[in-house]
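Chains as they are written, first to last, in the working numbering: chain A, 1 to 554; chain B, 555 to 879. Ideal Cβ placement from N, Cα and C applies to all residues, glycine included.
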């Protein structure tokens, strides 16, 4: 058995790199503080205290540390489902005025046009009194359809229009639904991210899961409810035309109108056109500010489309009122004194400074395209996390000592310690690897490390047992050494490949903490192959070359 | 020769098959009993699988569970279980209780509920803090059961395919029968003792499957090795030789694994105890099933013995190249 020099060097370089990568974890708090300070300095904030913290860990050393899972650090974990069907419903609902106007223009042939309420909300259903003209109505409505901009839906339009006994139902086409889903999901992710970032929590995880789900993990938060409040503040802002005001919340209105309460005047209700002049999506900026009288207000600015629509409306309805509606409440209903053409203005109300700040944040972040339903919520307190870390570290150390003691008892000080060095290197390299790849360590992950300690010696056990067999057969020490490694190899490979298979399956199906276990288990198996086979063989090889033993004490 | 702790002598000749198929049938019976236990007694599913809310309430005062219960009786919660948690790692003034509230249909409701629960408990125990609150909705819990079952099935199939590829189909089948009984009996144990069964336990069961297959592969590897050089010895004798030759390794690795798991069970904290318990039990049963189930099944099926006559290297199954002797 000869190992070329370059492979020996490579092996030791890999070991050294693994150990070096693990080093920052021994100074976890210092490195964490230093990393935080560095990222703050990078974002523009800087003072002496921060610079001192940043300098607390030398820049030439690796600074990646194992990131701790929520179960170890404390925080909130939420799994939300985006109610995508709501988006379809809103889309088709918004089409009604257009469809009505289009069909009403042909009243001579089509007859009366009437919307059928109720039923599946993701379909807009319209009845025309001349049922035999349904085909013509369908053709007319189809002219409203737009081509869908997707790769798969080439040639597809966004609407499915069908007629059945004079009832025409309009739904979004398959291709459009897929495109809408994608947009809604991306928008939801972005909005959730912005809302959570506004609070300045560090390292939140916000990722899409599956078709319609979003996983949100925020470390250091006291309860899932806080995160929900943050995300759930919908802040849907619209500007609508005011028809009149009333004191009756159940005032009779046409289907095109709605009655909404005033936010700061109890008992006052506004009758509004459902049709929005401009909605919050067209808002490009919003800031807390003060008006001429020194009252806190929220300023806003629209994009060109919004500005044009707002300008047209205010020009047409100079003198009447428009309502600023936030989440179904009228926050103010100012009179239009002159056309507002620049697309910017301010919202006043009985706000204090904090409220204007919050409102501006919510407006900037925009509205979620659809409601979220929370399927799973977990909050872990930081104390419990610390207790778990302490228990995990304690169990790991004791487990390590027990296993190492047993190895020395069974294989003697020399061979036992070689296996133990491999074991220590294995755990160290595992931590190093976890730090580098940025995997998250969870409580089951620690269990995985502990288990790895028990199982990782298996490769060395297999090798040593083989060597013993060869010694008993009276082979020369050098042959025993060679044969021990050679013969044990196939069992080591087979058993480790099956273990890695299990780890992969666990990773694929598992979520959260279980995934953390799969990662450490898989990494542990991989690094143990390296340390238990390559490293121990190299150590023994060095020893054989130096001592040229006549007899193996194993 | 210096001192060596040897739990297994250098040369052993234990005839593992002297009882014939009795231990195997006993294991099958046990696996069947486990299946019946799961179906009749059922499993003490955690919220991962059942949906609902668990609250971990910690306090510096030792307030009796009954007081918690009577405090919670005031509010309408439906099905509530309160259990006291003990752990040797706890501080002298650390008292932990687990409150489990059965699935509310809407997770949204639970937040108001949690506030109510907290308020009610603070009346009897002003020091109480909720160190963990977990809510899983019924929709997710249903999916979690599905994926868990799928994972176990997928891993068994994957392993069977791999062992078939590397050895012979008889070995693959024997291995999977052994793994299946391991998993079944472990789950049965959770049913009989009503230990809480959640996602981490599924992870534990899968890990047992992984540990168990290791053990089986090592033995099969030795059988294959002997088969290659010996075409006359009857399979049962050969299997006994293989088992004896690998016995000291089996014992070594099992002992180190058990040592690590015992440490985890005792000192790893109460959150991970169920997991450690499953693994500890599973690692013992895994070794047993290698000999008395998987090896026995291979014996019953028999292995084709004529392949080594065709070629000198006599590949049984797919070979990875390792440097030859």
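In whole angstroms, what is the alpha-carbon distance linking residue 877/B and residue 484/A?
Caution applies to residue 877/B, whose pLDDT of 43 falls short of 50 and renders its modelled position unreliable; the value that the coordinates give is listed next. Their backbone Cα atoms lie some 12 Å apart in a straight line.
Counting beta carbon pairs with one atom in the segment 582 to 600 of chain B and one in the segment 622 to 640 of chain B, are three or more of them shorter than 8 Å?
no
Between the CA atoms of residue 604/B and residue 630/B - distance to the nearest angstrom
20 Å
Taking C-beta pairs closer than 7 Å, name the residues in chain A that residue 803/B reaches, listed in chain order.
461, 462, 465
Interface flag, residue 832/B vs chain A, CB-CB below 8 Å
no
Mind listing which residues of the segment 224 to 242 of chain A have their C-beta closer than 8 Å to chain B's C-betas, in chain order?
224, 225, 228
Proximal residues of chain B, C-beta to C-beta of residue 375/A below 8 Å
661, 690, 691, 693, 694
Could you work out which residue in 735/B, 669/B, 763/B, 776/B is closest to residue 846/B when comparing CA atoms only?
735/B
At a Cβ cut of 7 Å, what residues of the segment 805 to 826 of chain B count as close to chain A, listed as they run along the chain?
806, 807, 809, 810, 811, 813, 814, 815, 817, 818, 821, 822, 823, 825, 826
Which partner residues does residue 651/B have in the DSSP bridge list?
611/B, 638/B
Are the CB atoms of residue 242/A and residue 753/B nearer to each other than 8 Å?
no
Could you check if residue 164/A is buried or exposed, using at least 16 other CB atoms within 10 Å of its CB as the buried criterion?
exposed
Should residue 558/B be flagged as near chain A, meaning a C-beta pair shorter than 8 Å?
yes
In this structure, does DSSP put residue 112/A in helix, strand or coil?
coil
So does the segment 740 to 756 of chain B actually touch the segment 811 to 824 of chain B, counting three or more Cβ pairs closer than 8 Å?
no
Anything in the segment 423 to 443 of chain A with a Cβ closer than 7 Å to a Cβ of chain B? List those residues in chain order, please.
443
Residue 159/A by DSSP, collapsed to three states: which one?
strand
Determine the direct distance from the alpha carbon of residue 74/A to that of residue 557/B, and round the result to whole angstroms.
48 Å
Relative to chain A, which residues along the segment 669 to 687 of chain B have a C-beta separation below 8 Å, given in chain order?
683, 684, 685, 686, 687
Reduced DSSP secondary structure (H/G/I, E/B, other) of residue 295/A
coil
Contact the segment 343 to 350 of chain A vs the segment 281 to 301 of chain A: 3+ CB pairs below 8 Å:
yes
Local conformation of residue 170/A per DSSP, three classes:
strand
In terms of alpha-carbon separation, which member of 744/B, 814/B, 803/B, 717/B lies closest to residue 771/B?
717/B
Taking only runs of the alpha helix (DSSP H) that begin and end inside the segment 781 to 853 of chain B, which ones reach a length of at least 4 residues, in chain order?
789 to 799, 801 to 821, 827 to 843
Does any CB atom of chain B fall closer than 8 Å to the CB of residue 383/A?
yes
Name the one or two DSSP bridge partners that residue 287/A has.
299/A
By DSSP, does residue 73/A sit in helix, in strand, or in coil?
helix
Alpha carbon of residue 760/B to alpha carbon of residue 330/A, nearest angstrom:
57 Å
DSSP state of residue 320/A, grouped into three classes?
coil
What separation, rounded to the nearest whole angstrom, lies between the Cα atoms of residue 879/B and residue 475/A?
No answer about residue 879/B holds up, because its pLDDT of 36 lies below 50 and its placement is not dependable.
Should the segment 453 to 471 of chain A be called in touch with the segment 521 to 532 of chain A, which here means at least 3 C-beta pairs below 8 Å?
yes
Please check if any C-beta of chain A sits within less than 8 Å of the C-beta of residue 764/B.
yes
Taking only three categories from DSSP, how would you classify residue 34/A?
helix
Using the three-state DSSP reduction, which class does residue 340/A fall into: helix, strand or coil?
coil
Less than 7 Å between C-beta atoms, sequence neighbours within five positions excluded: which residues of the same chain meet that for residue 444/A?
513, 514, 516, 517
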